[in-house]
Amino acid sequence: MSATTGDAVLPVTSTPSIAALDAAGGKLKKRLTSPWASLAAVLLAFLWTAPTFGLLVTSFRPKAAIDDSGWWNFVAHPSFTLDNYRQALSSNGGGLGTFFVNSAVITIPAVLIPIALASLAAYAFAWIEFKGRNLLFVCVFALQIVPIQVTLIPLLSLYVKAGLAGTFWTIWLSHAMFGLPLAIFLLHNFMKEIPRELVEAARMDGAGHVQIFFKVLMPLLTPALAAFGIFQFLWVWNDLLVALTFAGGTPDVAPLTVALANLSGTQGTAWQLLSAGAFISMVIPVLVFLSLQRFFVRGLLAGGLKG
Amino acid sequence: MSTAHKFLTMFEAIGLFIAVVGVILAIASRFSGRRGDRVVAAAFLLPTVALISVGLVYPGLKTIYQSFYNAAGNAFIGIDNYRTIFGDPDQRTVLRNTVLWVVITPFVATAVGLLYAILVDKARVEALAKALIFLPMAISFVGAGIIWKFVYEFRPDQQGIKQTGLLNEILVKLGGSPHQFLINSPWNTVFLIIVMIWIQAGFAMTVLSASIKAIPEDIVEAARLDGVRAWGMFRYVTVPSIRPALIVVLTTIGIGTLKVFDIVRTMTGGQFDTSVVANEFYSQSFRSNNQGLGAALAVLLFVLVVPIVAYNVRQLRSSEGR
Amino acid sequence: MTSRIHRRGLTGLAGLAVLALAVSACGGSSGGSTKGAAGGTSASPQAGCEDYAVYGNLKGKTVTVYTGIVTPEDQLLKDTWAPFEKCTGVTIKGEFDKSFEAQILVRAKAGNLPDIGIIPQPGLLKTLVATGKAVPADAATSTEVDANFAPSWKDLGSADGKFYAPPQNASMKSLVWYSPKEFAAKGYKVPTTLDELKTLSDTIAATGKKPWCAGIGSGEATGWPVTDWMEDWMLRLWGPDEYDKWVNHSIAFNSSEPTAALDAVGQYLKNSKYVNGGLGDVKSIASTTFQDGGLPILKGNCSFHRQASFYAANWPKGTTVSPTGDIFAFYLPGKLATDKPVLGGGEFMLGFRDAPEVHAFQQFVASATWANLAEQGGGGRCVTPNKNADPAKAANCSDIDKLAISVLQDPKAVFRFDGSDAMPAAVGSNSFWKQATNWITGQSTKDTVNKIEASWPK
Chain D
1128 MSATTGDAVL PVTSTPSIAA LDAAGGKLKK RLTSPWASLA AVLLAFLWTA
1178 PTFGLLVTSF RPKAAIDDSG WWNFVAHPSF TLDNYRQALS SNGGGLGTFF
1228 VNSAVITIPA VLIPIALASL AAYAFAWIEF KGRNLLFVCV FALQIVPIQV
1278 TLIPLLSLYV KAGLAGTFWT IWLSHAMFGL PLAIFLLHNF MKEIPRELVE
1328 AARMDGAGHV QIFFKVLMPL LTPALAAFGI FQFLWVWNDL LVALTFAGGT
1378 PDVAPLTVAL ANLSGTQGTA WQLLSAGAFI SMVIPVLVFL SLQRFFVRGL
1428 LAGGLKG
Chain V
4 MSTAHKFLTM FEAIGLFIAV VGVILAIASR FSGRRGDRVV AAAFLLPTVA
54 LISVGLVYPG LKTIYQSFYN AAGNAFIGID NYRTIFGDPD QRTVLRNTVL
104 WVVITPFVAT AVGLLYAILV DKARVEALAK ALIFLPMAIS FVGAGIIWKF
154 VYEFRPDQQG IKQTGLLNEI LVKLGGSPHQ FLINSPWNTV FLIIVMIWIQ
204 AGFAMTVLSA SIKAIPEDIV EAARLDGVRA WGMFRYVTVP SIRPALIVVL
254 TTIGIGTLKV FDIVRTMTGG QFDTSVVANE FYSQSFRSNN QGLGAALAVL
304 LFVLVVPIVA YNVRQLRSSE GR
Chain W
9 MTSRIHRRGL TGLAGLAVLA LAVSACGGSS GGSTKGAAGG TSASPQAGCE
59 DYAVYGNLKG KTVTVYTGIV TPEDQLLKDT WAPFEKCTGV TIKGEFDKSF
109 EAQILVRAKA GNLPDIGIIP QPGLLKTLVA TGKAVPADAA TSTEVDANFA
159 PSWKDLGSAD GKFYAPPQNA SMKSLVWYSP KEFAAKGYKV PTTLDELKTL
209 SDTIAATGKK PWCAGIGSGE ATGWPVTDWM EDWMLRLWGP DEYDKWVNHS
259 IAFNSSEPTA ALDAVGQYLK NSKYVNGGLG DVKSIASTTF QDGGLPILKG
309 NCSFHRQASF YAANWPKGTT VSPTGDIFAF YLPGKLATDK PVLGGGEFML
359 GFRDAPEVHA FQQFVASATW ANLAEQGGGG RCVTPNKNAD PAKAANCSDI
409 DKLAISVLQD PKAVFRFDGS DAMPAAVGSN SFWKQATNWI TGQSTKDTVN
459 KIEASWPK
């Protein structure tokens, strides 16, 4: 297991037979699901889930029980209540429905816009030669460090002048602005990974950048787009600050997070309501994650190479 | 505003946006071949550059400018704010903590994410298994704060009192005495970092998994035919293939860690020697209402990211050379 | 005098006449009968609207109100606005948002302001006035406030020598929560002087029980409950005048009086015989959230918890909060039984738009009419510092709020606003909290006051 192996690995020239591939695939599967690997995976999954599970249990316990004993006591002394959820769902003037709608209206464009713009920009950075390309790229990705808080006052002043303050437009634009550096950084990396031969071949065939972008790159980028889509979705869905600052906390525009933050009351923090609220707001992101999972498919790239 | 009206506005926005992108693509497709490259690049980059200039560059420059002004932002005071930052004895602790966060979080979170992505790759319940690690990312920082309160919470070991924190319950069950996890420095910083790792491992896992899926089957296959075993596969196939993705993940988590203050703010409020630069920035800007000093701390964040940027520039250069 | 707009027109002409008119307007709004005739000339006379005629016809106008008051009290607040909206035709649009305090400054600086902000801190009020965006209250509102509130309340709503914001609700902080049942069983008596409180604490401590429990954890605001303790003791040991000097920084934070006050607090909070019942050692005060700080009383693990009236919301469902129930609170006594210093908080209606409807709404909230509506609504909006509010309307209020109302309206009571809220933000919402927390976890009193003094903006 040495230099020879390493060398054999790097070139993308070897084309094994289908039968060998299947056999190897079986072997691979067997090894990765070996007992030790499984145990490690289960252990990690357990460690990562236990705290959240504690919150889930807590969200079904009455306040007195929460204050009095740890959540694991629910086994020995079961006390179960739906009150926390009932209260969380019924607050804010009879329901979180309006806020769910606002969150959806905010999130969909705030995810689509940066993904589309970042794909174009990442393509330009990865596959078009122009002067100052690297410098511009480094600037863009370094802008990730700008804390959103420093942008609040300057941006809000601009929005007020433009007459946009208090509308959904401010939230969409702001999330696009804040999401772009990371999106470009991630997508650029994936675009770079695509073998140069593919792009060159398409160019030889006379394809322009737009065609290459749609016909060659897009199909290969599905996992990357899905990955970034998930993060941008999460970021926007869980955002409180951007929405609150630029659009305000009225039921006309405010997302779910604003309603949930206010759950705990003017004074004090009601753990029981917050824990129920946390789960209510978690449902959608987890569903999105699970549904986007099918875009994480192996072998698209290899397939592209052969075709 | 009615629900229908809201969705109408949304579709308007999406329609408008599609139109803009359509125009860009139409312009770009009229130029092909190498000569049109500059036009295409300009068209592809224009909306991004415009948005970023307004949303990030302009506020960033304004922050640098404000960092030389006083609390109310109406008198030039030179580098006094920076002197305040470095003259304060507590600030050494803040810098030490920030370094701890930036060194520990990206590497541990990435290692866990990578390990898990490999372990569950192709497993029968892969989607579900990944969702479990991903779960913390779906929780807001406030939610995370509550969750970890129920892990670190301290109650005295005395008659009639039950532990409400999971870790202390385990300590007591093992015969130990309960520990004030969030108070005793410097370990309290480590306990806060664990929360960040818990959240970020999902990010690492998701990106790295997408990257692992993109390793061409035939490469894996060739290695297999050469008799490469699990560790070798990891060392010589997986890691080199996803190396760029690893750098991206480390960089992103590193920058995210520099910026994060919600965890510190909600769990300790920066007390007990747990503060980090981002938290100081937040409390000066929004609690003490000291705009100048807040801005100077933000600039310090810009400076701290320079090594990360430099490393990425080097990587970019070497990948250009391939 | 038929409409508010007319009255404002007059304001420009003759100040003296206006004063007289406004005084009668105020009599009308609290008395309720004299303005019946004027009501007839307003556009839409309605039954029950007599008290509102003074505000004129504001049909089609909108006033936006931004506040940190959230569920369930937002509804109570809206209920108090409803008659005003019905009678004047104005629309009051509320925005209820927990992060109000940070947001309002951002919005002020960016020029995106509501018509009225409900400001819970005099310090924040001064900061907002300093942005130049706030609008002083008009003469009618000012007269209304003179008629209904103690002068100190008007001072709190003023900045740079001008009166800006009438007060809305108040809260009382000088309270000690205890268990009336425990007191009855053990034969303890509610202490009426600070010495008695100390003696009773010693008596309980001698039984092996830690008498006090406390928690100061509050996320980024961790430490604030200690500032309330120190303010209460400052007020009791040195009196209101020294207290004011301390808050205004006429005496240094590390001078002898504040140092002694903090040391006196230390005899409770840093006394390992006294704390932290059911929660651990002295240090555990720092890691316990303020919400959890008083709960051990219920389990009998401690006897006293010093916290404001709003702590009532923290007791679990099923707890009876009454003078004979599981839980109640007594007034944190003064040095002598005849002293009655009261520490509290309050909210102020600061206007940002110079328009008749905005001024009318400010005037309305300052009136006894509004205060009575707030009392009738019960819940968390009961307590107002409006001395012309009708105590008979407070029937719906909780026992603890009734106690707060009675103490606040006691003529002997000397009210002082939460001092840390009036200090500069760099102290009142940063170094004071931070150093108070360090003090709990072991820092000496001397170092603590020195560090806070050093952080005071020059």
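Chains as they are written, first to last, in our numbering: chain D, 1128 to 1434; chain V, 4 to 325; chain W, 9 to 466.
Just so it is clear, CB atoms sit at the ideal spot from N, CA and C, and this is done for glycine as well.
Anything in chain D within Cβ reach of A207 of chain V, meaning under 8 Å, just list it in chain order.
Taking the first residue of the second sequence as 1, we reach residue 207 of chain V at position 204. Those do not exist, as A207 of chain V stays about 11 Å from chain D at its closest Cβ, beyond 8 Å.
Going straight from the alpha carbon of S278 of chain V to that of T449 of chain W, what length do you get?
On the second sequence, position 275 is the one that residue 278 of chain V refers to. On the third sequence, position 441 is the one that residue 449 of chain W refers to. Answer to the nearest angstrom: the Cα atoms are 16 Å apart.
Counting only beta-carbon separations shorter than 9 Å, does M1345 of chain D have a partner in chain V?
In the first sequence, the residue the question calls residue 1345 of chain D occupies position 218. No, its Cβ sits nowhere closer than 9 Å to a Cβ of chain V.
Is there a Cβ from chain D that is less than 9 Å from the Cβ of L48 of chain V?
Walking along the second sequence from the start, residue 48 of chain V turns up at place 45. By this cut-off, L48 of chain V is an interface position.
Please name the residues in the region 106 to 123 of chain W whose beta-carbon is closer than 8 Å to at least one beta-carbon of chain D, in chain order.
K106, S107, Q111, V114, R115, K117, A118, G119, N120
In chain order, what are the residue ranges of uninterrupted alpha helix (DSSP H) at least 4 long that sit wholly in the region 107 to 150 of chain V?
129 to 141
Use the C-beta contact count for I5 of chain V: other C-beta atoms within 10 angstroms, 16 or more gives buried, fewer gives exposed.
By 1-based counting over the second sequence, the position of residue 5 of chain V is 2. Contrary to the premise, residue 5 of chain V reads as Ser rather than Ile in this sequence. With fewer than 16 Cβ atoms within 10 Å of its Cβ, S5 of chain V is classed as exposed.
Am I right that G302 of chain W and W185 of chain W are in contact with their C-beta atoms under 8 Å? What's the rounded C-beta distance?
Stepping through the third sequence from its first residue, residue 302 of chain W is reached at position 294. Stepping through the third sequence from its first residue, residue 185 of chain W is reached at position 177. Confirmed, Cβ separation roughly 5 Å.
Select from D:R1421, D:Q1399, D:E1320 the residue whose C-alpha is nearest the C-alpha of I150 of chain V.
As a working mapping, residue 150 of chain V is identified with position 147 in the second sequence. Between I150 of chain V and the set D:R1421, D:Q1399, D:E1320, the nearest pair of CA atoms involves D:Q1399.
Skipping 5 residues on each side, what residues in its chain have a beta carbon closer than 7 Å to that of A173 of chain W?
The residue labelled residue 173 of chain W in the question sits at position 165 within the third sequence. Correct list, in chain order: I127, L133, A145, G165, F356, M357, L358.
Which residues in chain D sit within 7 Å of T6 of chain V, going by Cβ to Cβ distance?
For this step, residue 6 of chain V is matched to residue 3 along the second sequence. Those are V1228, listed as they occur along chain D.
Is the beta carbon of L304 of chain V sitting closer than 9 Å to the one on V280 of chain V?
Taking the first residue of the second sequence as 1, we reach residue 304 of chain V at position 301. Taking the first residue of the second sequence as 1, we reach residue 280 of chain V at position 277. Result yes, Cβ atoms of L304 of chain V and V280 of chain V sit closer than 9 Å.
Around the Cβ of Y63 of chain W, are there at least 16 other Cβ atoms within 10 angstroms (buried) or fewer (exposed)?
Counting from one through the third sequence, the residue named residue 63 of chain W turns up at place 55. So Y63 of chain W ends up on the buried side.
Which residues bound the alpha helix (DSSP H) around W378 of chain W?
Position 370 of the third sequence, counted from the first residue, corresponds to residue 378 of chain W. That run of the alpha helix (DSSP H) goes 376 to 385.
From what residue to what residue does the beta strand (DSSP E) around M357 of chain W run?
Position 349 of the third sequence, counted from the first residue, corresponds to residue 357 of chain W. Start and end: 349 to 359.
Specify the secondary structure class of S5 of chain V as computed by DSSP and reduced to three states.
Indexing the second sequence from 1 puts residue 5 of chain V at position 2. S5 of chain V falls in the coil class under three-state DSSP.
Could you give the distance in angstroms between the alpha-carbon of A269 of chain W and the alpha-carbon of M238 of chain W?
As a first step, residue 269 of chain W is located in the third sequence; it is residue number 261 there, counting from the start. As a first step, residue 238 of chain W is located in the third sequence; it is residue number 230 there, counting from the start. Between A269 of chain W and M238 of chain W, the C-alpha separation is close to 6 Å.
Starting from the Cα of S1402 of chain D, find the closest Cα among D:L1367, D:A1215, D:I1339, D:E1320 and give me that residue.
Your numbering for residue 1402 of chain D matches position 275 in the first sequence. Per the Cα distances, D:A1215.
For chain W, find out if any of its Cβ atoms is closer than 9 Å to the Cβ of V1120 of chain D; answer yes or no.
This structure leaves residue 1120 of chain D out entirely; chain D is present only between 1128 and 1434.
Helix, strand or coil for H1302 of chain D? Go by DSSP, reduced to three states.
In the first sequence, the residue the question calls residue 1302 of chain D occupies position 175. Reduced to three states, the DSSP call for H1302 of chain D is helix.
Alpha carbon to alpha carbon, what distance is there between I222 of chain V and G235 of chain V?
On the second sequence, residue 235 of chain V is found 232 positions in, with the first residue counted as 1. On the second sequence, residue 222 of chain V is found 219 positions in, with the first residue counted as 1. Using only the alpha carbons, I get a separation of about 13 Å.
Output the distance between the C-alpha atoms of F261 of chain W and P1412 of chain D, rounded to the nearest integer angstrom.
Position 253 of the third sequence, counted from the start, is the residue given in the question as residue 261 of chain W. Position 285 of the first sequence, counted from the start, is the residue given in the question as residue 1412 of chain D. Roughly 50 Å separates the two Cα atoms.
Under 9 Å from the C-beta of P175 of chain W: neighbouring residues of chain D:
As a working note, residue 175 of chain W is residue 167 in the third sequence. Those within 9 Å of P175 of chain W in chain D number zero; the least Cβ separation is about 17 Å.
Completely contained alpha helix (DSSP H) runs for the region 1285 to 1354 of chain D, where each covers 4 or more residues
1295 to 1320, 1323 to 1331
Classify S150 of chain W as buried or exposed, calling it buried when 16 or more other Cβ atoms lie within 10 Å of its own Cβ.
Walking along the third sequence from the start, residue 150 of chain W turns up at place 142. So S150 of chain W ends up on the buried side.
Output the boundary residues of the beta strand (DSSP E) element that contains K101 of chain W.
As a first step, residue 101 of chain W must be located in the third sequence, where it is residue number 93. Its beta strand (DSSP E) spans residues 99 to 104.
Where A250 of chain W and L243 of chain W are concerned, what is the direct C-alpha to C-alpha distance, given to the nearest angstrom?
By one-based count along the third sequence, residue 250 of chain W stands at place 242. By one-based count along the third sequence, residue 243 of chain W stands at place 235. This sequence places Glu at residue 250 of chain W; Ala is not what is there. Cα to Cα, the separation comes out at about 8 Å.
Beta-bridge pairing of F425 of chain W - partner residues as DSSP gives them
Within the third sequence, the letter at position 417 stands for residue 425 of chain W. DSSP, once it has assigned bridges, lists W:G352 as partnering F425 of chain W.
If we ignore side chains and look at the alpha-carbon of each, how far apart do T297 of chain W and V308 of chain V end up?
If you number the third sequence from 1, residue 297 of chain W lands on position 289. If you number the second sequence from 1, residue 308 of chain V lands on position 305. Rounded to the nearest angstrom, the two C-alpha atoms are 35 Å apart.
So is A78 of chain V in contact with chain W if we call contact Cβ pairs under 9 Å?
Counting from 1 along the second sequence, the entry for residue 78 of chain V is found at position 75. Not one chain W Cβ lies under 9 Å of A78 of chain V.
Look at the Cβ atom of S286 of chain V, then the Cβ atom of E228 of chain W, and state whether they are nearer than 9 Å.
The residue given as residue 286 of chain V occupies position 283 in the second sequence. The residue given as residue 228 of chain W occupies position 220 in the third sequence. Yes, the Cβ-Cβ distance between S286 of chain V and E228 of chain W is below 9 Å.
I'd like the span of the alpha helix (DSSP H) that includes P175 of chain W, first residue to last.
One-based indexing of the third sequence puts residue 175 of chain W at position 167. It is not in any alpha helix (DSSP H) - P175 of chain W instead sits in the beta strand (DSSP E) that spans 175 to 180.
Could you name the residues of the same chain whose beta carbon sits closer than 8 Å to that of V42 of chain V, not counting the 5 residues immediately before and after it, in chain order?
Here residue 42 of chain V refers to the residue found at position 39 of the second sequence. Once the five neighbours on either side are set aside, the close Cβ partners of V42 of chain V are I30, A31, F34.
Check whether K183 of chain W and L411 of chain W have beta carbons under 9 Å apart:
Numbered from 1 along the third sequence, position 175 holds the residue referred to as residue 183 of chain W. Numbered from 1 along the third sequence, position 403 holds the residue referred to as residue 411 of chain W. Residue identity differs from the one stated: residue 183 of chain W is Leu in this sequence, not Lys. Yes.
Strictly below 9 Å CB to CB, what residues from chain B border G1376 of chain D?
Here chain B cannot be found, since the structure's protein chains are D, V and W.
Which residues in the same chain have their Cβ closer than 7 Å to the Cβ of L228 of chain V, if we skip the five residues on either side of it in sequence?
Position 225 of the second sequence, counted from the start, is the residue given in the question as residue 228 of chain V. Result list for L228 of chain V: empty, nothing under 7 Å.
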